[in-house]
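Trainee: Quick one: structure below, then a few questions.
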Amino acid sequence: MEKERNFMVGMSKEDITPKLGSRLFAYSFERYAERVLDRLMVSVVAIRQENETVLFVSADLCLLSVDKCEAMRKTVAQATGVKWENIIFSVIHTHSSPVTKPFVGWGDADIDYLDNILVPAVIKAATKAIAQMQPALMGVGISETMAGVNRRQMNENGQVILGQNPDGPYDPTMTLIHFKAVTGENIGSIIHFAAHPTSAGCNYSFTRDWPGLMIDRINKITGAPCMYINGAEGDVGPRLSNGRTTGGSDENYVIQIGLVAADDAEKAYYNINTYEVPTMKVAYGSILLPYVKPPAKEEVEKNIKMLESEPDELKGVRRSQYVQLQKVKAVYDSGEQFPDEMELQQTVVTLGDLALVPACFEAFCNISLGIKEKSPYKNTILLGLTGGCYGYLPTEDQIPIGGYDVDSFRTEGIVSLVDDTDKHLIRQNVELLEKMYEESR
4 MEKERNFMVG MSKEDITPKL GSRLFAYSFE RYAERVLDRL MVSVVAIRQE
54 NETVLFVSAD LCLLSVDKCE AMRKTVAQAT GVKWENIIFS VIHTHSSPVT
104 KPFVGWGDAD IDYLDNILVP AVIKAATKAI AQMQPALMGV GISETMAGVN
154 RRQMNENGQV ILGQNPDGPY DPTMTLIHFK AVTGENIGSI IHFAAHPTSA
204 GCNYSFTRDW PGLMIDRINK ITGAPCMYIN GAEGDVGPRL SNGRTTGGSD
254 ENYVIQIGLV AADDAEKAYY NINTYEVPTM KVAYGSILLP YVKPPAKEEV
304 EKNIKMLESE PDELKGVRRS QYVQLQKVKA VYDSGEQFPD EMELQQTVVT
354 LGDLALVPAC FEAFCNISLG IKEKSPYKNT ILLGLTGGCY GYLPTEDQIP
404 IGGYDVDSFR TEGIVSLVDD TDKHLIRQNV ELLEKMYEES R
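Going by this note's numbering, the residue at position 180 of the sequence shown is 183; the numbering climbs one at a time, nothing skipped.
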């Protein structure tokens, strides 16, 4: 019984739906919410063992910048007393949510929403979750789902478009982590699966997209809160019957894929065979990802003039290229040094033989599969869009093929990361997992 008292879990959620008229994220700059299809929420699971407390936060939003996410984690840490490094902050990536990250072509983030709606709601949910912690048991159930599909389809011209590629990498694994009190009542659940929540497409509603039906199904079955944390969804979208991975303006696709995901989440829940008190371990590390060398200043200035000579063409990728070149020029003009590498502060959490690995990218599927394959833990899941998001992270083999996501990777930041960043990320996370595993034996 002493061991059971030593593992404490609480869960809570709060409404974060903005007011109608707020601008929606992506597809079109002039897209404003006209109605609420279902309300956006932020959910928090608080876990304590020994003297260590971890908060898993999931917000029904599209994107957060890494800087803003870190600032929010530190604000929540001050309010709760939990170390900010132990606040694992994810977004589900629904595009039917407010603009919460500055993005080329879609304008600045809605700071008023972030500061006055999101942050207070996270603090409130976190405080409640901590206050509600009680001795708990954990069970893990796994199922397979065909709710998603690789979305890097090649058209007749040899160009990669956002469609469906059934032969491309795809991980059908859906993982459901369920917590219940030692006295028997349900505390809450976390569902993990990787796919873009884009079935609502270019609608004019606030909605959690297809994950909402899945969350609500488990909530109805258990009578307890449920949250969704996305995975390596960079090249995976919902498997829609229109042959695409976006639903246009037809919100019926939300129901179509949501019911598939909900059925498979229910299977995962009923596939839980045992509940036990896991040992929680938390490890910290630095992930170092090299940058490419910037082009010479003369080349940068030449390319800027070339792009400025056709102002009507400064859209999409070309606009992103132009913005990046301006940033490179600004560094040259300031006399500052270009960074050699990106340093990520990593927090990995293990719960028994389950390892949870955050990644602040829209990572491609094979990155998650690569970490999972080499991890010493029985179950390893990559938490995508966690700790903020730097943008897409493709695998090296996909970069020569191109496509929207690869172009985005190339133009993210002042200079882009090297082509084999996927290998660096996999190797360093696996090294951290191996060290944790050896120290726990």
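All C-beta atoms, glycine included, are put in the ideal place defined by N, C-alpha and C. Everything numeric in this text was worked out from a predicted model, so none of it was measured.
1. Near GLY110, which residues of its chain fall below 8 Å by C-beta distance, leaving aside the five closest residues on each side in sequence?
2. Can you tell me whether DSSP reads VAL68 as helix, strand or coil?
3. Assuming LYS375 is part of the alpha helix (DSSP H), what are its boundary residues?
4. Taking the C-alpha atoms as reference points, what is the distance between ARG444 and ASP356?
5. Please tell me whether TYR440 has its Cβ less than 8 Å away from any Cβ of chain D.
6. Note down the Cα distance separating ASP212 from PRO403, rounded to an integer number of angstroms.
7. Looking at TYR278: is its Cβ nearer than 8 Å to the Cβ of MET149?
8. Can you name the residues that DSSP bridges to GLY10?
9. Are the segment 382-398 and the segment 358-374 touching, with three or more C-beta to C-beta distances below 8 Å?
10. Excluding sequence positions up to five away, which residues of its chain have a Cβ less than 7 Å from the Cβ of ALA268?
11. What span of residues does the beta strand (DSSP E) with GLY288 cover, start to end?
12. Taking the runs of the beta strand (DSSP E) that are 3 residues or longer, which of them lie wholly in the segment 342-369?
13. Assuming PRO297 and VAL331 make a contact with CB atoms under 8 Å, what is their CB distance in whole Å?
14. Less than 8 Å between the beta carbons of ARG51 and MET11, yes or no?
15. What runs of the alpha helix (DSSP H), each 4 residues or longer, lie entirely inside the segment 232-275?
16. Note the first and the last residue of the continuous beta strand (DSSP E) segment covering ASN153.
17. Over the uninterrupted alpha helix (DSSP H) stretch that includes GLN324, give me the two end residues.
18. Judging by CA-CA distance, which residue of ALA49, LEU121, LEU372, ILE114 is the nearest neighbour of ALA139?
19. I'd like the span of the beta strand (DSSP E) that includes ASN189, first residue to last.
20. Evaluate LEU23 with the Cβ neighbour count: other Cβ atoms within 10 Å of its Cβ, from every protein chain shown; 16 or more gives buried, anything less gives exposed.
21. Is LYS22 helix, strand or coil by DSSP?
22. Figure out for me which residue from PRO228, VAL421, GLY373 has the closest Cα to the Cα of ASP343.
23. Please report the distance separating the alpha-carbon of THR389 from that of THR353.
24. For MET4, which residues from the same chain have a beta carbon less than 6 Å from its beta carbon, with the 5 sequence-adjacent residues on both sides left out?
25. Restricting to Cα atoms, I'd like to know which of GLU147, GLY144, ASN168 is closest to ARG155.
26. Looking at the secondary structure, which residues open and close the beta strand (DSSP E) in which PRO123 lies?
27. Taking the alpha-carbon positions, what's the ARG8 to GLN137 distance?
28. In terms of alpha-carbon separation, which member of PRO281, PRO379, GLY394, ALA271 lies closest to SER323?
29. In whole angstroms, give me the CA-to-CA distance for ASN189 and ILE133.
30. Only counting the same chain, and skipping five residues up and downstream in sequence, which positions put a Cβ closer than 6 Å to that of GLY391?
31. Assuming THR248 contacts GLY319 (C-beta within less than 8 Å), just tell me the rounded distance between them.
32. Helix, strand or coil for ILE95 per DSSP?
33. When burial is assigned at 16 or more other CB atoms within 10 Å of the CB, is GLU339 buried or exposed?
34. Less than 7 Å between C-beta atoms, sequence neighbours within five positions excluded: which residues of the same chain meet that for ASN274?
35. In the structure shown, what three-state DSSP assignment does TYR35 receive?
36. Going by DSSP, what residue range makes up the alpha helix (DSSP H) through LYS438?
Mentor: So, to answer that:
1. Apart from the 5 residues on each side of it in sequence, GLY110 sits with its Cβ closer than 8 Å to the Cβ of ARG26, PHE32, VAL102 in its chain, given in chain order.
2. Strictly speaking, residue 68 in this sequence is Ser, with Val absent from that position. Reduced to three states, the DSSP call for SER68 is coil.
3. Run containing LYS375: 368-377, per the alpha helix (DSSP H) assignment.
4. Rounded to the nearest whole angstrom, the C-alpha separation of ARG444 and ASP356 is 12 Å.
5. The structure shown contains no chain D; it is built from a single protein chain.
6. Annotation: ASP212 to PRO403 spans about 32 Å, alpha carbon to alpha carbon.
7. Annotated as distal: TYR278 and MET149, with beta-carbon spacing of 8 Å or more.
8. Per the sequence shown, the amino acid found at residue 10 is Phe instead of Gly. Looking at the DSSP assignment, PHE10 forms a beta bridge with GLN52.
9. With a cut-off of 8 Å, the segment 358-374 and the segment 382-398 count as touching, because enough Cβ pairs lie within range.
10. Excluding residues within five positions, the ones whose Cβ falls inside 7 Å are MET177, LEU179, ILE194, MET217, ARG220, ILE221.
11. In the DSSP assignment, GLY288 falls within the beta strand (DSSP E) that extends over 283-293.
12. Complete beta strand (DSSP E) runs here, min 3: 344-354, 357-361.
13. The beta carbons of PRO297 and VAL331 sit about 5 Å from each other, so the pair counts as a contact at 8 Å.
14. If you check the CB distance, ARG51 and MET11 come in under 8 Å.
15. Qualifying alpha helix (DSSP H) stretches, in chain order: 255-273.
16. ASN153 -> beta strand (DSSP E) spans 151-153.
17. Unbroken alpha helix (DSSP H) run through GLN324: 319-337.
18. For the residues ALA49, LEU121, LEU372, ILE114, the minimum Cα distance to ALA139 belongs to ALA49.
19. From DSSP, the beta strand (DSSP E) with ASN189 extends over 189-196.
20. Around the CB of LEU23, fewer than 16 other CB atoms lie within 10 Å, so the residue is classed as exposed.
21. In this structure, LYS22 counts as coil in the three-state DSSP scheme.
22. With distances taken between CA atoms, ASP343 lies nearest to VAL421 out of PRO228, VAL421, GLY373.
23. A direct Cα-Cα distance of roughly 16 Å separates THR389 from THR353.
24. With a pLDDT of only 43 at MET4, under 50, the local geometry of the prediction cannot be trusted, and the value read off the model is given with reservation. Excluding residues within five positions, none has a Cβ falling inside 6 Å.
25. It is ASN168.
26. Counting along the chain, PRO123 falls outside any beta strand (DSSP E), though it belongs to the alpha helix (DSSP H) covering 122-134.
27. Reliability of the predicted coordinates at ARG8 is poor, the pLDDT of 49 falling under 50, and the value obtained from them is presented with this limitation in mind. If I take the Cα positions, the gap works out to 8 Å.
28. The shortest C-alpha separation from SER323 is found at GLY394.
29. Spanning the two alpha carbons is a distance of roughly 16 Å.
30. For GLY391, same chain residues with a beta-carbon under 6 Å away, outside a window of 5 residues either side, are LEU67, SER68, VAL69, CYS72, CYS363 in chain order.
31. No, THR248 and GLY319 are not in contact; Cβ-Cβ is about 19 Å, not under 8 Å.
32. Three-state DSSP puts ILE95 in coil, outside helix and strand.
33. With fewer than 16 other beta carbons inside 10 angstroms of its own, GLU339 counts as exposed.
34. Spatial neighbours of ASN274 in its own chain (CB-CB distance under 7 Å, excluding positions within 5 residues in sequence) are listed in chain order as GLY144, ILE145, SER146.
35. Of the three classes helix, strand and coil, the one that applies to TYR35 here is strand, per DSSP.
36. Element bounds for LYS438: 424-443.
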